[in-house]
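Structure first, commentary second.
Residue numbers (our numbering): 3 to 281.
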């Protein structure tokens with residue numbers, strides 16, 4: 003236990019215990035249905051199905067996905083989603099889900115468990131409040147990508163807009179190209195890997211967590227500081243990027259590591275003149 007705590011501290015993670023109400027415990031390791039919701043469906047990944055969503059409404063598409071899960075299909079392909087909004091949301095089930103095309107706003111939000119692949123682009127707030135699983139986008143993503151994500155891996159192989167990972171509370175966000183302004187704004191936990199350039203105010207008001215950037219940084223936000231890239235960081239980055247067939251353009255050793263400067267941790271206790279210095 004002590005070794006794992008030390009390792010997380012070495013990577014700039016979990017420096018302070020967050021206070022407040024603890025999360026409700028839903029699962030017991032002693033139960034046979036460990037790590038699944040009691041209402042989740044039993045699915046077989048080898049049982050595959052696909053359907054054309056071109057002429058279906060948003061509600062019809064989401065209901066169709068659930069009906070296929072209920073009938074035991076563990077691999078589902080949705081063809082021609084046509085950038086409709088709020089598709090694939092609220093899936094609390096193990097599932098291989100593929101969208102052949104692009105999604106609109108709020109795609110794959112509030113999910114816990116599925117592995118999702120999107121062959122096109124996604125609009126604003128993709129995978130908002132994601133809890134677990136993976137979401138891989140082959141092209142570009144809009145603003146607020148991974149807002150308030152809590153767990154899992156969220157991957158965009160192209161560019162992403164502004165405020166990527168705003169209020170991130172855990173998990174990993176990977177962007178293959180550039181990101182917009184205020185990426186990592188109010189980040190609280192987790193890790194973010196940016197293989198391209200980062201816009202203005204990167205990591206502004208971040209509380210904890212780690213941001214890795216391979217490209218140029220326009221400017222750092224309040225309380226975001228550069229720290230040493232350790233061997234541990236490099237091993238983690240190589241393993242994580244290899245997992246998704248991605249690589250740093252100039253080598254992993256050239257990546258810049260950013261963490262919180264911790265000046266905002268006790269902001270309410272600072273004198274007015276000290277607050278001006280921090281901001």
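C-beta atoms are modelled at their ideal positions from N, C-alpha and C, and glycine is treated no differently. Bear in mind that the values here come from a model prediction, so they are computed numbers and not experimental data.
Limits of the alpha helix (DSSP H) - the one that residue i falls within
i: residue 56; result: It is not in any alpha helix (DSSP H) - residue 56 carries neither H nor E in the DSSP assignment.
i: residue 152; result: Neither: residue 152 is in no alpha helix (DSSP H) and is coded neither H nor E.
i: residue 238; result: 233 to 245
Span separating the alpha-carbon of residue i from that of residue j
i: residue 263; j: residue 235; result: 18 Å
i: residue 137; j: residue 266; result: 32 Å
i: residue 261; j: residue 87; result: 34 Å
i: residue 178; j: residue 66; result: 32 Å
i: residue 70; j: residue 117; result: 16 Å
i: residue 253; j: residue 40; result: 45 Å
i: residue 89; j: residue 251; result: 33 Å
i: residue 144; j: residue 158; result: 10 Å
i: residue 217; j: residue 75; result: 41 Å
Beta-carbon gap between residue i and residue j smaller than 8 Å
i: residue 171; j: residue 192; result: yes
i: residue 93; j: residue 51; result: no
i: residue 122; j: residue 106; result: no
i: residue 214; j: residue 257; result: yes
i: residue 154; j: residue 183; result: no
i: residue 45; j: residue 97; result: yes
i: residue 207; j: residue 225; result: yes
i: residue 189; j: residue 211; result: yes
i: residue 120; j: residue 101; result: yes
i: residue 198; j: residue 222; result: no
6 Å CB neighbourhood of residue i in its chain, flanking five on each side removed
i: residue 220; result: 201, 202
i: residue 181; result: 162, 166, 196, 200
i: residue 112; result: 91, 92, 131
i: residue 114; result: 94, 133, 134
Close beta carbons around residue i, own chain, < 8 Å, minus the five adjacent residues each side
i: residue 156; result: 128, 129, 132, 136, 137, 147, 148, 173, 174, 175, 176
i: residue 72; result: 43
i: residue 1; result: The displayed coordinates of the chain run from 3 to 281. Any statement about residue 1 would go beyond what the structure contains.
i: residue 151; result: 129, 130, 131, 132, 167, 170, 171, 172, 173, 175, 192
i: residue 229; result: 14, 259, 260, 261
i: residue 304; result: Residue 304 is absent from the structure shown; the chain starts at 3 and stops at 281.
i: residue 247; result: none
Element boundaries [beta strand (DSSP E), containing residue i]
i: residue 259; result: 258 to 262
i: residue 81; result: 75 to 81
Near the ligand MG: residue i beta-carbon under 7 Å from a heavy atom
i: residue 86; result: In terms of ligand content, the structure shown is empty, and the ligand MG therefore cannot be addressed.
**Request:** Check whether the region 52 to 69 touches the region 83 to 101, counting contact only when three or more Cβ pairs, one atom from each stretch, lie closer than 8 Å.
**Result:** yes
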